[in-house]
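Some notes on the structure that comes next.
In my numbering, the protein residues as written are 551 to 699.
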């Protein structure tokens with residue numbers, strides 16, 4: 551497995567870290583091997599290796615188009631098993647979109663969802679921030695209580 555070097559890091563973002571970690575784990579550090587799988591399932595557009603390298607290094611200055619996000623998710627979800635591949639594709643696409651929102655829209659960095667133990671739910675939009683945090687604490691307490699039973 552290839553380990554990223556300091557020279558690879560430049561101005562890395564959480565999205566760049568997410569991609570590089572995946573590439574190191576599943577493609578032996580080969581960005582080219584990863585990019586060969588990066589085909590948008592909707593348009594058929596294919597990513598080029600240099601764009602992926604620039605994205606990882608934090609050198610992409612504008613928000614990537616949706617087809618590029620889908621192509622990244624497709625490459626990350628590729629496994630050969632169609633059922634698993636579809637679920638992994640959706641998982642990675644959601645994580646990538648969150649990281650893009652955090653980086654390019656300046657939203658607080660949401661954690662990348664890496665397992666199925668995360669639940670998301672809507673709260674009333676008028677709820678003050680302090681009450682939103684209270685709802686989150688309640689949900690976490692309930693989850694801990696359920697885990698003990």
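Built from N, CA and C at the ideal position, the CB exists for glycine as well. Computed from a predicted model, the values in this text were never measured in an experiment.
Problem set entry | residue 596, DSSP secondary structure in three states | In the three-state reduction of the DSSP assignment, residue 596 falls in the strand class.
Exercise. Which of helix, strand or coil does DSSP assign to residue 649?
Worked result: For residue 649, the secondary structure class from DSSP, reduced to helix, strand or coil, is helix.
Exercise. Which residue or residues does DSSP assign as beta-bridge partners of residue 589?
Worked result: Note: residue 589 sits in a beta bridge opposite 596.
Exercise. Rounded to the nearest angstrom, how far is the Cβ of residue 619 from that of residue 643, given a contact under 8 Å?
Worked result: Between residue 643 and residue 619 the Cβ distance is about 6 Å, and since that is below 8 Å, they are a contact.
Exercise. Under a three-way DSSP split, which group does residue 685 fall into?
Worked result: It is helical.
Problem set entry | Nearest-angstrom Cβ-Cβ length linking residue 581 and residue 599, presumed shorter than 8 Å | 6 Å between Cβ atoms; contact.
Exercise. Is the beta carbon of residue 590 sitting closer than 7 Å to the one on residue 623?
Worked result: Residue 590 is not a Cβ neighbour of residue 623, given a cutoff of 7 Å.
Problem set entry | Sequence-distant residues of its chain with Cβ nearer than 8 Å to residue 610 (five each side left out) | If we look at residue 610 and ignore the five residues flanking it on each side, its Cβ neighbours are 601, 604.
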